[in-house]
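So the numbering used here is basically just the index in the sequence shown, starting at one, shifted up by 115. Read the structure below first, then the notes.
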Amino acid sequence: MRGFITARVILPSTRLEWRSSIMNLNRHLKGVVVFLLFVLAPKVAFSGSLTLYDDSSFVTYRSGDDIYGYYFARENQFSCGFMFFANASLGEKDGAGVSALKLKTFDFVPYKEPYKGVFSYDQRDPRASIAGTLYMSKDAVGLTTDTPQGGCLSVAGIFSVPPGTRGAQQFEPKKRTQGNWDWCRV
(Lines of atoms letter the chains of each structure in order from A and count residues from 1; the text may use other names and numbers.)
(Lines give C-alpha, C1' and ligand atoms only; values in the text may rest on other atoms or scores of the structure.)
Protein backbone atom coordinates (compact mmCIF):
# COMPACT_ATOMS: atom_id res chain seq x y z
CA MET A 1 0.00 0.00 0.00
CA ARG A 2 2.24 2.65 -1.22
CA GLY A 3 1.12 6.27 -1.15
CA PHE A 4 -1.11 5.94 1.87
CA ILE A 5 -0.22 7.55 5.11
CA THR A 6 -1.28 5.54 8.04
CA ALA A 7 -1.83 7.00 11.44
CA ARG A 8 -1.91 5.03 14.56
CA VAL A 9 -4.20 6.35 17.28
CA ILE A 10 -3.39 5.20 20.75
CA LEU A 11 -6.50 5.20 22.89
CA PRO A 12 -6.40 4.89 26.64
CA SER A 13 -7.07 1.32 27.60
CA THR A 14 -8.29 1.64 31.15
CA ARG A 15 -11.02 3.67 32.73
CA LEU A 16 -8.47 5.54 34.83
CA GLU A 17 -6.51 6.52 31.74
CA TRP A 18 -9.73 7.80 30.09
CA ARG A 19 -10.56 9.89 33.14
CA SER A 20 -7.03 11.29 33.27
CA SER A 21 -7.16 12.17 29.55
CA ILE A 22 -10.51 13.94 29.93
CA MET A 23 -9.29 15.86 32.98
CA ASN A 24 -6.20 17.00 31.09
CA LEU A 25 -8.39 18.04 28.17
CA ASN A 26 -10.70 19.92 30.55
CA ARG A 27 -7.74 21.66 32.17
CA HIS A 28 -6.40 22.76 28.80
CA LEU A 29 -9.86 23.69 27.55
CA LYS A 30 -10.49 25.79 30.66
CA GLY A 31 -7.18 27.55 30.15
CA VAL A 32 -8.02 28.28 26.51
CA VAL A 33 -11.52 29.52 27.39
CA VAL A 34 -10.21 31.79 30.16
CA PHE A 35 -7.51 33.12 27.85
CA LEU A 36 -10.04 33.82 25.08
CA LEU A 37 -12.39 35.54 27.53
CA PHE A 38 -9.68 37.93 28.65
CA VAL A 39 -8.39 38.58 25.16
CA LEU A 40 -11.64 38.79 23.21
CA ALA A 41 -14.08 40.10 25.81
CA PRO A 42 -14.81 43.81 25.65
CA LYS A 43 -13.02 45.76 28.29
CA VAL A 44 -15.14 47.45 30.91
CA ALA A 45 -13.68 50.46 32.63
CA PHE A 46 -15.32 52.04 35.62
CA SER A 47 -14.08 55.55 35.71
CA GLY A 48 -15.83 58.54 37.11
CA SER A 49 -16.16 60.96 39.96
CA LEU A 50 -18.27 60.71 43.06
CA THR A 51 -19.31 64.06 44.51
CA LEU A 52 -20.42 64.65 48.08
CA TYR A 53 -22.29 67.87 48.83
CA ASP A 54 -22.90 70.18 51.78
CA ASP A 55 -26.14 68.28 52.39
CA SER A 56 -25.23 64.63 53.03
CA SER A 57 -28.60 63.48 51.68
CA PHE A 58 -27.51 64.32 48.12
CA VAL A 59 -24.82 62.43 46.18
CA THR A 60 -23.90 62.29 42.48
CA TYR A 61 -21.68 60.03 40.40
CA ARG A 62 -20.50 61.06 36.95
CA SER A 63 -18.92 58.78 34.36
CA GLY A 64 -18.36 60.46 31.01
CA ASP A 65 -21.61 62.23 30.13
CA ASP A 66 -23.73 60.00 32.38
CA ILE A 67 -24.75 61.45 35.74
CA TYR A 68 -26.41 59.37 38.45
CA GLY A 69 -27.69 60.70 41.73
CA TYR A 70 -29.43 59.90 44.96
CA TYR A 71 -31.43 62.02 47.36
CA PHE A 72 -32.94 60.92 50.65
CA ALA A 73 -33.96 63.08 53.58
CA ARG A 74 -36.07 62.51 56.67
CA GLU A 75 -37.52 65.21 58.91
CA ASN A 76 -39.61 63.91 61.80
CA GLN A 77 -42.50 62.01 60.19
CA PHE A 78 -41.71 63.21 56.63
CA SER A 79 -39.33 61.57 54.20
CA CYS A 80 -38.37 62.19 50.59
CA GLY A 81 -36.17 59.88 48.55
CA PHE A 82 -35.43 59.03 44.94
CA MET A 83 -32.70 58.23 42.48
CA PHE A 84 -32.11 60.07 39.24
CA PHE A 85 -30.06 59.99 36.09
CA ALA A 86 -29.22 62.49 33.35
CA ASN A 87 -26.89 62.82 30.39
CA ALA A 88 -24.70 65.91 30.06
CA SER A 89 -24.84 65.78 26.26
CA LEU A 90 -28.64 66.18 26.32
CA GLY A 91 -28.79 69.62 27.87
CA GLU A 92 -28.39 73.30 27.24
CA LYS A 93 -25.92 75.73 28.78
CA ASP A 94 -26.88 79.33 29.46
CA GLY A 95 -24.65 82.43 29.42
CA ALA A 96 -23.78 82.06 33.11
CA GLY A 97 -22.39 78.56 32.54
CA VAL A 98 -25.30 76.70 34.11
CA SER A 99 -26.24 73.49 32.31
CA ALA A 100 -29.91 72.49 32.31
CA LEU A 101 -30.08 68.74 31.72
CA LYS A 102 -33.16 66.58 31.28
CA LEU A 103 -33.37 64.02 34.05
CA LYS A 104 -35.51 61.09 35.10
CA THR A 105 -36.22 60.30 38.72
CA PHE A 106 -37.39 56.97 40.02
CA ASP A 107 -38.23 55.41 43.32
CA PHE A 108 -35.84 52.77 44.57
CA VAL A 109 -38.47 50.57 46.21
CA PRO A 110 -38.88 47.31 44.24
CA TYR A 111 -42.23 47.15 42.48
CA LYS A 112 -42.05 43.75 40.77
CA GLU A 113 -40.90 40.56 42.43
CA PRO A 114 -39.51 42.18 45.59
CA TYR A 115 -39.09 38.76 47.17
CA LYS A 116 -35.97 38.07 45.08
CA GLY A 117 -33.97 40.67 46.98
CA VAL A 118 -32.48 42.10 43.80
CA PHE A 119 -33.46 45.49 42.47
CA SER A 120 -33.02 46.74 38.95
CA TYR A 121 -34.31 49.71 37.02
CA ASP A 122 -36.74 47.39 35.22
CA GLN A 123 -38.35 46.52 38.57
CA ARG A 124 -39.04 50.14 39.50
CA ASP A 125 -42.58 51.38 39.97
CA PRO A 126 -43.25 53.12 36.63
CA ARG A 127 -45.83 55.36 38.32
CA ALA A 128 -43.00 56.93 40.35
CA SER A 129 -40.86 57.79 37.30
CA ILE A 130 -40.89 61.56 37.03
CA ALA A 131 -39.09 63.78 34.55
CA GLY A 132 -37.31 66.93 35.59
CA THR A 133 -34.30 69.17 35.11
CA LEU A 134 -30.85 68.96 36.65
CA TYR A 135 -29.09 72.33 36.91
CA MET A 136 -25.31 72.11 37.13
CA SER A 137 -22.68 74.79 37.49
CA LYS A 138 -19.16 74.55 38.85
CA ASP A 139 -20.34 75.93 42.22
CA ALA A 140 -23.70 74.24 42.78
CA VAL A 141 -26.22 71.66 41.65
CA GLY A 142 -29.99 71.90 41.85
CA LEU A 143 -32.91 69.98 40.45
CA THR A 144 -36.59 70.31 39.78
CA THR A 145 -39.20 67.69 39.02
CA ASP A 146 -42.18 68.15 36.71
CA THR A 147 -44.52 66.74 39.36
CA PRO A 148 -43.80 66.15 43.05
CA GLN A 149 -42.07 62.93 44.03
CA GLY A 150 -43.98 60.99 46.70
CA GLY A 151 -43.35 62.57 50.12
CA CYS A 152 -41.36 65.46 48.65
CA LEU A 153 -43.73 68.34 49.36
CA SER A 154 -42.50 68.83 52.90
CA VAL A 155 -39.50 70.06 54.80
CA ALA A 156 -37.75 66.86 53.66
CA GLY A 157 -37.49 68.18 50.11
CA ILE A 158 -39.24 70.50 47.68
CA PHE A 159 -38.17 70.23 44.05
CA SER A 160 -40.76 72.35 42.26
CA VAL A 161 -38.78 75.59 41.81
CA PRO A 162 -35.49 76.15 39.94
CA PRO A 163 -32.27 77.12 41.74
CA GLY A 164 -32.01 80.77 42.66
CA THR A 165 -35.71 80.88 43.50
CA ARG A 166 -36.91 81.08 47.09
CA GLY A 167 -37.37 77.58 48.52
CA ALA A 168 -35.25 75.88 45.87
CA GLN A 169 -33.07 72.93 46.77
CA GLN A 170 -29.47 73.72 45.91
CA PHE A 171 -26.37 71.71 46.83
CA GLU A 172 -22.75 72.87 46.93
CA PRO A 173 -20.01 70.31 46.21
CA LYS A 174 -17.70 69.65 49.16
CA LYS A 175 -15.65 66.62 48.10
CA ARG A 176 -15.04 65.02 44.73
CA THR A 177 -13.41 61.60 44.49
CA GLN A 178 -11.97 60.31 41.22
CA GLY A 179 -12.07 56.59 40.52
CA ASN A 180 -10.57 54.51 37.76
CA TRP A 181 -10.87 50.75 37.77
CA ASP A 182 -9.51 49.81 34.39
CA TRP A 183 -8.80 46.16 35.08
CA CYS A 184 -12.39 44.89 35.04
CA ARG A 185 -13.60 42.84 32.11
CA VAL A 186 -16.93 41.29 31.27
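Each residue gets a CB set at the ideal place from its N, CA and C atoms; glycine is no exception.
Measuring CB to CB, does residue i end up less than 8 Å from residue j?
i    : j    : result
Y185 : E287 : no
F197 : Q284 : no
S244 : T280 : no
V276 : M251 : no
D254 : D240 : no
F193 : I182 : no
Report back the beta-carbon spacing between residue i and residue j to the nearest angstrom; my notes put them in contact at under 8 Å.
i    : j    : result
G257 : L165 : No, G257 and L165 are not in contact; Cβ-Cβ is about 19 Å, not under 8 Å.
T248 : K217 : 7 Å
Once you ignore the five residues that flank residue i on each side, which residues in its own chain have a CB closer than 6 Å to its CB?
i    : result
F173 : Y186 and F286
T292 : L165
K208 : S214
N191 : none
R177 : G163 and S164
T259 : G247, T248, F274 and P277
Would residue i count as contacting chain B if we go by Cβ distances under 8 Å?
i    : result
I245 : In summary, chain B is missing from the structure at hand, where a single protein chain is found.
With a threshold of 7 Å on Cβ separation, who are the neighbours of residue i within its own chain once the five nearest residues in sequence on each side are excluded?
i    : result
D180 : N202, A203 and S204
K289 : L167, Y168 and D169
G206 : S214, A215, L216 and K217
R242 : none
For residue i, collect the residues of the same chain with a Cβ closer than 8 Å to its Cβ; drop the 5 residues on either side in sequence, then sort them by chain order.
i    : result
A211 : S252
I137 : Because I137 carries a pLDDT of 49, less than 50, the predicted location of this residue cannot be relied on, and the following value inherits that uncertainty. Taken in chain order, the list of residues that qualify is empty.
Y236 : F221
query: Mind pulling the beta strand (DSSP E) runs of 3 or more residues that sit fully within the segment 167-221?
result: 173-178, 181-190, 193-208 and 214-221
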